[in-house]
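The opening residue of the sequence shown carries number 6 in our numbering; numbering runs sequentially from there.
Notes for the one structure printed next.
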Amino acid sequence: MPQSLHPDISSVIEACIQDQMPFVAYQMPGENVTQILHGASLIHVENKTHGALARMSGFLIWPFHWRGVARPFLLQDPQVIRRPSDPAPTPLAEFTNDAKPVPPDDHAALEYMQGVSKLIDLIRWGTFRKAVLSRIYSKDKPAGFDPVSFFAALAGAYHHAFTYILHLPGQGIWIGASPELLAGIRGHVFTTMALAGTRKITGNGKESDWTEKECDEQRIVAEEIEDLLFGHGILNYERSVPEDFIAGNIAHLCTRYQFTFKRFTGSIFSLIMSLHPTAAVCGWPRPEALAAILQTERHDREYYTGFLGTLNMEEGTRLFVNIRCMKLTSRKISLFAGAGITASSEPESEWQETELKISTLMNVIRKMTTFGP
Numbered sequence: 006m007p008q009s010l011h012p013d014i015s016s017v018i019e020a021c022i023q024d025q026m027p028f029v030a031y032q033m034p035g036e037n038v039t040q041i042l043h044g045a046s047l048i049h050v051e052n053k054t055h056g057a058l059a060r061m062s063g064f065l066i067w068p069f070h071w072r073g074v075a076r077p078f079l080l081q082d083p084q085v086i087r088r089p090s091d092p093a094p095t096p097l098a099e100f101t102n103d104a105k106p107v108p109p110d111d112h113a114a115l116e117y118m119q120g121v122s123k124l125i126d127l128i129r130w131g132t133f134r135k136a137v138l139s140r141i142y143s144k145d146k147p148a149g150f151d152p153v154s155f156f157a158a159l160a161g162a163y164h165h166a167f168t169y170i171l172h173l174p175g176q177g178i179w180i181g182a183s184p185e186l187l188a189g190i191r192g193h194v195f196t197t198m199a200l201a202g203t204r205k206i207t208g209n210g211k212e213s214d215w216t217e218k219e220c221d222e223q224r225i226v227a228e229e230i231e232d233l234l235f236g237h238g239i240l241n242y243e244r245s246v247p248e249d250f251i252a253g254n255i256a257h258l259c260t261r262y263q264f265t266f267k268r269f270t271g272s273i274f275s276l277i278m279s280l281h282p283t284a285a286v287c288g289w290p291r292p293e294a295l296a297a298i299l300q301t302e303r304h305d306r307e308y309y310t311g312f313l314g315t316l317n318m319e320e321g322t323r324l325f326v327n328i329r330c331m332k333l334t335s336r337k338i339s340l341f342a343g344a345g346i347t348a349s350s351e352p353e354s355e356w357q358e359t360e361l362k363i364s365t366l367m368n369v370i371r372k373m374t375t376f377g378p
């Protein structure tokens, strides 16, 4: 039985969508409580200093890059409603056992694989070590698609991810399920993670070992985080060994980092901003990888691979990288995915990785609606 939202939450979401008002509803990883923030002031924060942002509170939304239409916003002074979710989380198998693959699109596949080949050449020439190439899968909005029910189903299926539904005027509705923590602050403890490498969970107990390419991809993300911590004078941090991180029907490699600090100031927020965009969604070295991405990708990522979450709210600061997400407009549904490209990448394998990631949301959509090829 799919998870359902409390009527108080559903009715406010529906009213906000109907009235085109900004709001966000979300569930934190592993929790059975849905919160909705609405009636907030929508503050443009792109010109705020890090010190000013460290003193603000609300729900923060930040884009991948500022070359497009998306801009950073803070939902400030919201009305907050918290309600338990009912019933228990939905077993993911309910959505994946009879799932169909994303319909093939030869032109899209060819264009993506050509982009991968271009990045591989640049890597082998020594321009950078890794870059993340993304794509968008867009279709007409499926018949009978209900964003509120979809968010509820997603929250039940991906219980250990940060799941959300968000509306910003002029930016459409965004819905996602992210397993990747950019920065968590509770009290005086700061946490982050290096999450990269992707493989499908078969569920038959015969999972393949991580390849050297996948280990190298995740190692690059971890090394970047450690370099940034060192650059901020943070030497006494705790680091876990790389471990499997299960996100629905996908596994990633994850290294966790934690350290303590005296107080949340501009310097701590500067650390957060220096982490974005991480090597997990951009590449390394960042300037060269970002330049190659902007030259190769023909689309605007908008809020995909940006970050979002709570800032100085009751649950502290918990900001998540916006992966496994989609954008909904009046007529279209657009799903975003990317793959990390290294010297040992194979274009067809990277295309298949994006197909796998897109399927995490498509499986839920297909279970709920009629969605043709």
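Using N, Cα and C, we set each Cβ at its ideal position, and we do this for glycine too.
Could you tell me the distance, in whole angstroms, from the CA atom of residue i to the CA atom of residue j?
i: GLU19; j: THR347; result: 43 Å
i: THR260; j: ARG60; result: 29 Å
i: TRP67; j: HIS112; result: 31 Å
i: SER183; j: PHE167; result: 5 Å
i: LEU366; j: HIS11; result: 22 Å
i: THR359; j: ARG87; result: 34 Å
i: LYS218; j: GLY202; result: 8 Å
i: ILE363; j: GLY131; result: 31 Å
i: ASN102; j: HIS164; result: Low confidence applies to ASN102: its pLDDT is 46, below 50, so where it sits in the model is not reliable, and the reading given next is rough at best. Between ASN102 and HIS164, the C-alpha separation is close to 18 Å.
i: LYS105; j: ASN368; result: Because the pLDDT at LYS105 is just 49, under 50, the model does not fix this residue reliably, and the value given afterwards should be weighed accordingly. Roughly 7 Å between the two C-alpha positions.
i: GLY44; j: VAL29; result: 10 Å
i: ASP126; j: ASP221; result: 18 Å
i: GLN25; j: ALA75; result: 17 Å
i: SER46; j: TYR242; result: 37 Å
i: HIS172; j: SER15; result: 14 Å
i: PRO34; j: SER354; result: 30 Å
i: THR216; j: GLY175; result: 42 Å
i: ILE22; j: TYR308; result: 19 Å
i: GLU319; j: VAL326; result: 20 Å
i: PRO247; j: GLY345; result: 17 Å
i: ALA148; j: ILE170; result: 19 Å
Taking Cβ positions, are residue i and residue j nearer each other than 7 Å?
i: ILE180; j: PHE150; result: no
i: ILE225; j: ARG306; result: no
i: ILE328; j: GLU185; result: yes
i: GLN40; j: ALA160; result: no
i: VAL286; j: THR310; result: yes
i: ALA256; j: ILE206; result: yes
i: ILE141; j: HIS281; result: no
i: PHE264; j: PHE341; result: no
i: SER279; j: LEU234; result: no
i: ILE338; j: LYS144; result: yes
i: LEU115; j: VAL85; result: no
i: LEU187; j: LEU324; result: yes
i: ALA136; j: ALA297; result: yes
i: SER122; j: ASN37; result: no
i: LEU316; j: GLY63; result: yes
i: SER139; j: GLY343; result: yes
i: PHE266; j: HIS193; result: yes
i: ALA284; j: GLU231; result: no
i: ILE178; j: PRO152; result: yes
i: TRP356; j: TYR117; result: yes
i: ARG244; j: TYR262; result: yes
i: THR301; j: GLY73; result: no
Going by DSSP, which residues form a beta bridge with residue i?
i: GLU243; result: GLN263
i: LEU138; result: ALA344
i: GLU248; result: CYS259
i: ARG403; result: This structure cannot settle anything about residue 403, because the visible part of the chain is limited to 6 through 378.
i: HIS380; result: Absent from the structure is residue 380, since the part of the chain shown begins at 6 and ends at 378.
i: ILE189; result: As written in the sequence, residue 189 is Gly, which differs from the Ile given in the question. Paired residue(s): THR196 and ARG323.
i: LYS144; result: ILE338
i: ILE41; result: ALA30 and ILE86
i: PHE167; result: SER183
The ligand ADP and residue i: does the residue's C-beta get closer than 6 Å to at least one heavy atom of that ligand?
i: ILE251; result: With respect to the ligand ADP, the structure offers nothing, as it holds no ligand at all.
> Quick check: the region 79-86 against the region 330-348, are there 3 or more CB pairs under 8 Å?
Replying inline: no
>> Runs of 3 residues minimum, wholly inside the region 289-367: which ones carry the beta strand (DSSP E) assignment?
In response: 312-318, 321-326, 330-333 and 337-346
> At what residue ranges does the region 47-89 contain a whole run of the alpha helix (DSSP H), taking only runs of 4 or more?
Replying inline: 55-60
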